[in-house]
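Notes follow the structure.
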Ligand SMILES: Nc1ncnc2c1ncn2[C@@H]1O[C@H](COP(=O)(O)OP(=O)(O)O)[C@@H](O)[C@H]1O
Ligand SMILES: [Mg+2]
């Protein structure tokens, strides 16, 4: 109760100071021309909701970005798990591919966005591709590590109890790696969003990224902030969904806060 | 020989329950014993003795079932045999470290063998070799006279550290063995339920390991191992992390469960009292590289109660004898660890 009250208090304080600081216009503490102002952001959102953006209705922009992020997320996670698990399990593969993966990982992958737009075009798939690349590496390394870090005693115990090599994978390695993989999903969806938005920013027909790019090119800071707000909302919702999924999938893990049922 | 065969039958039944072997071997031994007893009794009967008295005398001459069972077991091929086993590990520095050197050990069918020795002398390594999880660098490991080539289905292994699967609840953990060996889910769960009852975990089927105490986790591990009905049971300091009360309780439970199965046990511990209280034989391993320093027979009566057997007059004598050997090794190990620290 106290925490929630304080939280709201912080938000009110920050927004209030921001609004106050920008109330004198150019002469004030904060110049609304560069930094926007909360009331301006709110009215910008309202305009978008009512009249749509320059790219068409607002929901279409949100849906496009979400679709790209979701597709990029799913494909990236799938590929990341498959390759991570394969390289984690098969020593030879890991030794062969390690230098390539390290090199690719060291590269700032956002620059690939430009290449994807040239080769794949302005549609959603160039953004999906960028999201996939960003997500892939996060999940890949976690899956790889998860498979590698499996407790040897648990493997030995399963062997003694009668597990074949295949059963070791399903009964020990996969469940054990799952917590690593799930931990990476939190960050991954964020990366998928980054991939989608940056891809749109570089060139697109619909999407929040292009809405931001348009607002930026017309010197409309309220528009940039409003789009960021929408992105934040999407990200937080995804985060909740991921936590829910995680709690469903690994209910065996001790969780310092929610696990102990205080009476 | 009609009415009186009951005496003979009772005797053979007692013998059967004491024999630690599989069905086929038991039948062989029992048939042979029966032939021998009948022949013996008939000789007395022929000289005019009452039939039932003749049978009674024959069985008495043949011996106590418990002692007989042990003799039979000692005459057969040992359940576990290590011959001149050496085990070397590659250290992180790249040199070879000898954990075991020229170790000979054999455990009879149905025997409870305790292995004691200072920390780091290679006790866990010995179990890893018997289980087939690790191959020896030199020498041979045999189970029932056959060389070990991999993990055998006959082996059960309770590890030194927690080895129950943290993502499975108690029921699924205990049912793992049968499930992995192809038993269908319903049957495996029925079996698991039964074993959960035997180790006293009824009511905790849906708990995950992190929700259990250390003692309860060990019970779960015990059930998980015993559900496979291993003929060879390896236990690595299973109770050393438990408080004294829980420990005594579980030692007694283990003896009960074991006497019902008659499996051959290698029980590793660093606690000499525990070793003597549980085992038929105690093997002392030298400070690393480990090799057998001595083996001692523990002829304390069974069934035993672990908390009472310590007061048996013979207990102190055995303890004294083994401790004389063990003390030197513990001192060597202690001196070494001091040198490493300083
Ligand atoms: N996989 C391994 N690699 C290298 N050294 C090992 C390995 N396993 C055990 N050792 C070494 O072998 C010795 C015996 O270990 P262990 O059998 O665990 O002793 P104990 O169970 O008697 O305490 C120790 O010094 C340990 O460091
Ligand atoms: Mg050990």
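Residue numbers (this note's numbering), protein chains in the order written: chain A, 1 to 263; chain B, 264 to 605.
All C-beta atoms in this analysis are idealised placements derived from N, C-alpha and C, irrespective of residue type, glycine included.
As the structure is a computational prediction, the values presented were derived from the model and not from experiment.
The alpha-carbon separation between residue 366 of chain B and residue 458 of chain B amounts to approximately 35 Å. No Cβ-Cβ contact shorter than 7 Å links residue 483 of chain B with residue 421 of chain B. Exclusion of the five residues before and after residue 122 of chain A leaves 203, 204, 205 as the residues of its chain whose Cβ lies within less than 7 Å of its Cβ. Note on the region 532 to 583 of chain B: whole beta strand (DSSP E) runs with a minimum of 3 residues are 544 to 548, 555 to 560, in chain order.
Taken through DSSP and simplified to helix, strand or coil, residue 365 of chain B comes out as strand.
Contact check for residue 235 of chain A against residue 69 of chain A fails: the beta carbons are separated by 7 Å or more. Secondary structure note for residue 498 of chain B: it is in no alpha helix (DSSP H), and the uninterrupted beta strand (DSSP E) holding it is 495 to 499. For residue 590 of chain B, the secondary structure class from DSSP, reduced to helix, strand or coil, is helix.
Taking C-beta atoms as the reference points, residue 418 of chain B and residue 411 of chain B fail to come closer than 7 Å.
If one requires a minimum length of 3 residues, no beta strand (DSSP E) run lies completely within the region 122 to 189 of chain A.
The Cβ-Cβ distance between residue 472 of chain B and residue 480 of chain B falls below 7 Å.
Beta-bridge analysis with DSSP links residue 527 of chain B to B/495. Out of A/173, A/237, A/36, the CA that lies nearest to the CA of residue 86 of chain A is found in A/173.
Counting other Cβ atoms within 10 Å of its Cβ, residue 598 of chain B stays below 16 and is therefore classed as exposed.
Placement of the Cβ of residue 423 of chain B at a distance of less than 6 Å from at least one heavy atom of ligand 2 is found. Taking 6 Å as the cut-off, one finds no heavy atom of ligand 1 near enough to the beta carbon of residue 5 of chain A. Here residue 32 of chain A is not bridged, per DSSP, to any residue. When the alpha-carbon of residue 249 of chain A is set against those of A/27, A/175, A/145, A/94, the nearest one is in A/175.
It is roughly 56 Å from the alpha-carbon of residue 288 of chain B to the alpha-carbon of residue 139 of chain A. By the Cβ test, the region 24 to 33 of chain A is not in contact with the region 157 to 173 of chain A, since fewer than three Cβ pairs between them sit closer than 8 Å.
Annotation: residue 570 of chain B to residue 511 of chain B spans about 7 Å, alpha carbon to alpha carbon.
Look at which beta carbons fall closer than 5 Å to any heavy atom of ligand 1; those residues are B/352, B/362, B/382, B/383, B/384, B/385, B/386, B/387, B/388. Of the candidates A/183, A/198, A/230, A/229, the residue whose Cα lies closest to the Cα of residue 243 of chain A is A/183.
Taking residue 178 of chain A as the centre and dropping the five residues before and after it, the same chain places the C-beta of 146, 249, 250 closer than 8 Å to its C-beta, in chain order. Rounded to whole angstroms, residue 336 of chain B and residue 416 of chain B show a C-alpha spacing of 21 Å.
Straight-line measurement puts the Cα of residue 114 of chain A at about 59 Å from the Cα of residue 362 of chain B. Three or more beta-carbon pairs drawn from the region 341 to 349 of chain B and the region 368 to 384 of chain B are found closer than 8 Å, and the two stretches are therefore classed as touching. Every unbroken stretch of the beta strand (DSSP E) spanning 3 or more residues and falling wholly within the region 332 to 365 of chain B is given here in chain order: 343 to 353.
For a cut-off of 8 Å, the C-beta gap from residue 281 of chain B to residue 332 of chain B is around 4 Å, short enough to register as a contact. C-alpha of residue 101 of chain A to C-alpha of residue 94 of chain A: approximately 10 Å in a straight line.
Annotation: residue 357 of chain B to residue 437 of chain B spans about 40 Å, alpha carbon to alpha carbon.
Partner residues in the beta bridge of residue 375 of chain B, as assigned by DSSP, are B/528. Legend: CB atoms of the region 137 to 156 of chain A lying less than 9 Å from CB atoms of chain B belong to residues 151, 153, 154, 156. A residue is called buried when at least 16 other Cβ atoms come within 10 angstroms of its Cβ; residue 210 of chain A meets this threshold and is buried. If you draw a straight line from the Cα of residue 518 of chain B to the Cα of residue 529 of chain B, it comes to about 13 Å. CA-to-CA, the gap between residue 149 of chain A and residue 246 of chain A works out to about 20 Å.
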